[in-house]
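The next block holds one structure in the form of C-alpha coordinates; read it before the comments.
In our numbering, the protein residues as written are 100 to 344.
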(Lines of atoms letter the chains of each structure in order from A and count residues from 1; the text may use other names and numbers.)
(Lines give C-alpha, C1' and ligand atoms only; values in the text may rest on other atoms or scores of the structure.)
Protein backbone atom coordinates (compact mmCIF):
# COMPACT_ATOMS: atom_id res chain seq x y z
CA UNK A 1 0.00 0.00 0.00
CA UNK A 2 2.84 2.41 0.79
CA UNK A 3 4.33 1.70 -2.64
CA UNK A 4 1.00 2.52 -4.25
CA UNK A 5 0.71 5.80 -2.30
CA UNK A 6 4.10 6.90 -3.64
CA UNK A 7 2.97 6.44 -7.24
CA UNK A 8 -0.41 8.03 -6.57
CA UNK A 9 1.47 11.22 -5.68
CA UNK A 10 3.19 11.21 -9.08
CA UNK A 11 -0.08 10.65 -10.89
CA UNK A 12 -1.92 13.45 -9.08
CA UNK A 13 0.79 16.10 -9.26
CA UNK A 14 1.52 15.45 -12.91
CA UNK A 15 -2.26 15.91 -13.48
CA UNK A 16 -2.22 19.23 -11.63
CA UNK A 17 0.89 20.51 -13.39
CA UNK A 18 -0.42 20.28 -16.97
CA UNK A 19 -1.22 23.68 -18.53
CA UNK A 20 -4.27 22.36 -20.45
CA UNK A 21 -5.96 21.37 -17.19
CA UNK A 22 -7.40 24.84 -16.53
CA UNK A 23 -9.20 24.88 -19.89
CA UNK A 24 -11.31 21.90 -18.91
CA UNK A 25 -12.93 23.57 -15.91
CA UNK A 26 -15.62 25.27 -17.99
CA UNK A 27 -17.71 22.10 -17.74
CA UNK A 28 -17.86 22.24 -13.94
CA UNK A 29 -21.51 21.28 -13.65
CA UNK A 30 -21.74 18.72 -16.46
CA UNK A 31 -23.15 15.75 -14.58
CA UNK A 32 -25.03 12.73 -15.83
CA UNK A 33 -27.96 11.10 -14.15
CA UNK A 34 -25.89 7.95 -13.87
CA UNK A 35 -23.26 9.68 -11.71
CA UNK A 36 -22.35 7.19 -8.98
CA UNK A 37 -20.63 8.75 -5.99
CA UNK A 38 -21.06 6.56 -2.89
CA UNK A 39 -18.16 8.28 -1.10
CA UNK A 40 -19.41 11.83 -1.66
CA UNK A 41 -19.47 12.71 2.05
CA UNK A 42 -15.93 11.47 2.62
CA UNK A 43 -14.75 12.96 -0.68
CA UNK A 44 -16.04 16.42 0.21
CA UNK A 45 -14.34 16.34 3.60
CA UNK A 46 -11.07 15.15 2.07
CA UNK A 47 -11.26 17.82 -0.64
CA UNK A 48 -11.52 20.45 2.09
CA UNK A 49 -8.54 18.91 3.90
CA UNK A 50 -6.46 18.76 0.72
CA UNK A 51 -7.33 22.36 -0.09
CA UNK A 52 -5.74 23.44 3.17
CA UNK A 53 -2.74 21.20 2.56
CA UNK A 54 -2.07 22.67 -0.88
CA UNK A 55 -2.68 26.24 0.28
CA UNK A 56 -0.66 26.23 3.50
CA UNK A 57 1.99 23.56 2.91
CA UNK A 58 2.61 22.79 -0.77
CA UNK A 59 2.36 26.31 -2.16
CA UNK A 60 4.69 28.03 0.37
CA UNK A 61 7.21 25.19 0.10
CA UNK A 62 7.19 25.34 -3.69
CA UNK A 63 7.65 29.12 -3.65
CA UNK A 64 10.62 28.81 -1.30
CA UNK A 65 12.16 26.07 -3.41
CA UNK A 66 11.70 28.16 -6.55
CA UNK A 67 13.42 31.12 -4.88
CA UNK A 68 16.44 29.04 -3.81
CA UNK A 69 16.96 26.71 -6.79
CA UNK A 70 17.82 28.30 -10.19
CA UNK A 71 15.42 27.65 -13.07
CA UNK A 72 18.07 25.87 -15.15
CA UNK A 73 18.61 23.38 -12.32
CA UNK A 74 14.89 22.80 -11.83
CA UNK A 75 14.43 22.23 -15.56
CA UNK A 76 17.27 19.71 -15.62
CA UNK A 77 15.80 17.82 -12.67
CA UNK A 78 12.39 17.71 -14.36
CA UNK A 79 13.95 16.43 -17.59
CA UNK A 80 15.89 13.76 -15.70
CA UNK A 81 12.83 12.32 -13.98
CA UNK A 82 10.74 12.47 -17.16
CA UNK A 83 13.42 10.47 -18.94
CA UNK A 84 13.66 8.06 -16.02
CA UNK A 85 9.94 7.27 -16.22
CA UNK A 86 10.28 6.11 -19.84
CA UNK A 87 9.41 2.44 -19.04
CA UNK A 88 5.92 3.38 -17.83
CA UNK A 89 5.14 5.27 -21.04
CA UNK A 90 6.81 2.71 -23.32
CA UNK A 91 5.10 -0.40 -21.93
CA UNK A 92 1.65 1.18 -21.71
CA UNK A 93 1.89 2.38 -25.30
CA UNK A 94 2.65 -1.23 -26.25
CA UNK A 95 -0.27 -2.52 -24.16
CA UNK A 96 -2.56 -0.14 -26.07
CA UNK A 97 -1.18 -1.37 -29.42
CA UNK A 98 0.32 2.06 -30.13
CA UNK A 99 3.50 0.59 -31.55
CA UNK A 100 4.62 3.67 -33.46
CA UNK A 101 4.37 5.80 -30.33
CA UNK A 102 6.21 3.16 -28.32
CA UNK A 103 9.02 3.25 -30.88
CA UNK A 104 9.20 7.02 -30.67
CA UNK A 105 9.34 6.84 -26.87
CA UNK A 106 12.27 4.44 -27.16
CA UNK A 107 13.96 6.86 -29.52
CA UNK A 108 13.39 9.76 -27.13
CA UNK A 109 14.89 7.79 -24.27
CA UNK A 110 18.03 6.83 -26.17
CA UNK A 111 18.56 10.36 -27.51
CA UNK A 112 18.08 12.07 -24.15
CA UNK A 113 20.12 9.50 -22.25
CA UNK A 114 23.11 9.66 -24.61
CA UNK A 115 22.92 13.13 -26.14
CA UNK A 116 21.14 14.77 -23.21
CA UNK A 117 23.69 13.81 -20.54
CA UNK A 118 21.62 11.16 -18.80
CA UNK A 119 18.33 12.92 -19.44
CA UNK A 120 19.12 16.27 -17.81
CA UNK A 121 18.72 17.89 -21.24
CA UNK A 122 15.64 17.19 -23.37
CA UNK A 123 17.34 17.14 -26.75
CA UNK A 124 14.59 15.01 -28.28
CA UNK A 125 12.04 17.78 -27.77
CA UNK A 126 14.04 20.97 -28.12
CA UNK A 127 16.41 19.92 -30.90
CA UNK A 128 14.49 17.28 -32.84
CA UNK A 129 10.90 18.30 -32.05
CA UNK A 130 9.89 14.81 -30.86
CA UNK A 131 6.62 14.56 -28.97
CA UNK A 132 6.27 12.75 -25.64
CA UNK A 133 3.44 10.18 -25.39
CA UNK A 134 2.28 9.96 -21.79
CA UNK A 135 0.45 6.73 -21.01
CA UNK A 136 -0.15 4.90 -17.74
CA UNK A 137 -1.80 1.65 -16.71
CA UNK A 138 -5.00 3.40 -15.69
CA UNK A 139 -5.29 4.64 -19.27
CA UNK A 140 -4.50 1.15 -20.54
CA UNK A 141 -7.34 -0.32 -18.47
CA UNK A 142 -9.67 2.36 -19.84
CA UNK A 143 -8.49 1.66 -23.40
CA UNK A 144 -9.56 -1.97 -23.01
CA UNK A 145 -12.98 -1.01 -21.67
CA UNK A 146 -12.55 -1.10 -17.89
CA UNK A 147 -14.90 1.43 -16.30
CA UNK A 148 -13.63 4.14 -14.01
CA UNK A 149 -15.65 3.01 -11.01
CA UNK A 150 -16.53 5.49 -8.28
CA UNK A 151 -14.61 8.66 -7.53
CA UNK A 152 -12.07 8.67 -4.70
CA UNK A 153 -10.34 11.70 -3.18
CA UNK A 154 -7.06 10.59 -1.64
CA UNK A 155 -5.63 12.34 1.44
CA UNK A 156 -2.88 14.82 0.52
CA UNK A 157 -3.00 13.58 -3.06
CA UNK A 158 -6.30 14.64 -4.59
CA UNK A 159 -8.82 13.24 -7.10
CA UNK A 160 -8.68 9.72 -8.49
CA UNK A 161 -11.02 6.83 -9.24
CA UNK A 162 -11.15 3.11 -8.54
CA UNK A 163 -9.69 2.13 -11.93
CA UNK A 164 -6.74 4.51 -11.61
CA UNK A 165 -5.93 3.36 -8.08
CA UNK A 166 -5.69 -0.24 -9.31
CA UNK A 167 -3.72 0.94 -12.33
CA UNK A 168 -1.03 2.32 -10.06
CA UNK A 169 0.11 -1.17 -9.14
CA UNK A 170 1.05 -1.88 -12.75
CA UNK A 171 2.85 1.44 -13.11
CA UNK A 172 4.73 0.88 -9.87
CA UNK A 173 6.28 -2.32 -11.16
CA UNK A 174 7.68 -0.36 -14.12
CA UNK A 175 8.72 2.82 -12.34
CA UNK A 176 12.50 3.22 -11.83
CA UNK A 177 11.86 5.90 -9.21
CA UNK A 178 10.84 3.16 -6.79
CA UNK A 179 14.39 1.82 -7.06
CA UNK A 180 16.43 5.06 -7.10
CA UNK A 181 16.56 5.52 -3.34
CA UNK A 182 16.74 1.77 -2.75
CA UNK A 183 19.94 1.50 -4.78
CA UNK A 184 21.60 4.20 -2.68
CA UNK A 185 21.20 2.18 0.53
CA UNK A 186 23.90 -0.53 0.32
CA UNK A 187 23.06 -2.23 3.61
CA UNK A 188 19.51 -3.05 2.54
CA UNK A 189 18.71 -6.41 0.99
CA UNK A 190 17.20 -6.48 -2.49
CA UNK A 191 13.80 -7.68 -1.32
CA UNK A 192 13.22 -4.75 1.01
CA UNK A 193 11.15 -1.80 -0.11
CA UNK A 194 12.50 1.45 1.33
CA UNK A 195 9.23 3.36 1.27
CA UNK A 196 10.59 6.32 3.24
CA UNK A 197 13.48 6.84 0.85
CA UNK A 198 11.25 6.31 -2.18
CA UNK A 199 8.70 8.77 -0.81
CA UNK A 200 11.46 11.34 -0.31
CA UNK A 201 12.74 10.89 -3.88
CA UNK A 202 9.29 11.17 -5.44
CA UNK A 203 8.23 14.06 -3.21
CA UNK A 204 11.32 15.96 -4.33
CA UNK A 205 10.44 15.27 -7.97
CA UNK A 206 6.89 16.50 -7.45
CA UNK A 207 7.94 19.59 -5.52
CA UNK A 208 10.33 20.44 -8.33
CA UNK A 209 7.51 20.15 -10.86
CA UNK A 210 5.04 22.18 -8.80
CA UNK A 211 7.61 24.95 -8.37
CA UNK A 212 7.23 25.83 -12.06
CA UNK A 213 3.99 27.59 -11.17
CA UNK A 214 3.21 27.70 -7.43
CA UNK A 215 0.13 29.86 -8.10
CA UNK A 216 -1.44 27.24 -10.36
CA UNK A 217 -3.70 25.72 -7.71
CA UNK A 218 -5.16 29.12 -6.87
CA UNK A 219 -5.84 29.67 -10.58
CA UNK A 220 -7.61 26.32 -10.74
CA UNK A 221 -9.97 26.89 -7.84
CA UNK A 222 -10.66 30.64 -8.07
CA UNK A 223 -13.82 30.24 -10.18
CA UNK A 224 -15.18 27.20 -8.35
CA UNK A 225 -18.55 27.65 -6.67
CA UNK A 226 -18.35 24.17 -5.16
CA UNK A 227 -14.75 22.89 -5.15
CA UNK A 228 -15.45 19.16 -4.89
CA UNK A 229 -17.57 18.68 -8.06
CA UNK A 230 -15.36 21.23 -9.80
CA UNK A 231 -12.24 19.10 -9.30
CA UNK A 232 -14.09 15.81 -9.69
CA UNK A 233 -15.57 16.65 -13.09
CA UNK A 234 -12.33 18.16 -14.37
CA UNK A 235 -10.39 15.04 -13.38
CA UNK A 236 -12.95 12.73 -15.01
CA UNK A 237 -12.98 14.71 -18.26
CA UNK A 238 -9.20 14.89 -18.35
CA UNK A 239 -8.78 11.15 -17.88
CA UNK A 240 -11.46 10.35 -20.46
CA UNK A 241 -9.73 12.58 -22.98
CA UNK A 242 -6.35 10.97 -22.29
CA UNK A 243 -7.83 7.51 -22.89
CA UNK A 244 -9.27 8.62 -26.24
CA UNK A 245 -5.98 10.03 -27.51
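We put the beta carbon where it would ideally sit given N, CA and C, even for glycine.
Boundaries (first-last residue) of the alpha helix (DSSP H) holding residue i
i: residue 167; result: 158-167
i: residue 190; result: 185-194
i: residue 244; result: First-last for residue 244: undefined, no H or E at that position.
i: residue 152; result: 139-152
i: residue 135; result: Element bounds for residue 135: n/a, residue is neither H nor E.
i: residue 334; result: 326-343
i: residue 347; result: Lying before the first or after the last residue shown, residue 347 is absent from the chain, which here runs from 100 to 344.
i: residue 208; result: 198-213
Identified DSSP bridge partners for residue i
i: residue 257; result: 253
Residue closest to residue i, alpha-carbon to alpha-carbon, out of the options
i: residue 159; options: 178, 311, 186 and 188; result: 311
i: residue 201; options: 333, 232, 262 and 217; result: 232
i: residue 252; options: 237, 213, 166 and 334; result: 334
i: residue 146; options: 328, 215 and 342; result: 328
i: residue 272; options: 177, 143, 155 and 186; result: 186
i: residue 135; options: 240, 247 and 304; result: 247
i: residue 155; options: 189, 336 and 314; result: 314
i: residue 141; options: 194, 258, 239 and 324; result: 258
Contact belief for residue i with residue j at Cβ below 8 angstroms, rounded distance in angstroms
i: residue 153; j: residue 316; result: 5 angstroms
i: residue 206; j: residue 178; result: So it is not a contact: roughly 16 angstroms between Cβ atoms.
i: residue 234; j: residue 192; result: 5 angstroms
Status (buried if at least 16 other CB within 10 Å, exposed otherwise) for residue i
i: residue 331; result: buried
i: residue 343; result: exposed
i: residue 250; result: buried
i: residue 340; result: exposed
i: residue 190; result: buried
i: residue 321; result: exposed
i: residue 318; result: exposed
i: residue 213; result: exposed
i: residue 226; result: exposed
i: residue 325; result: exposed
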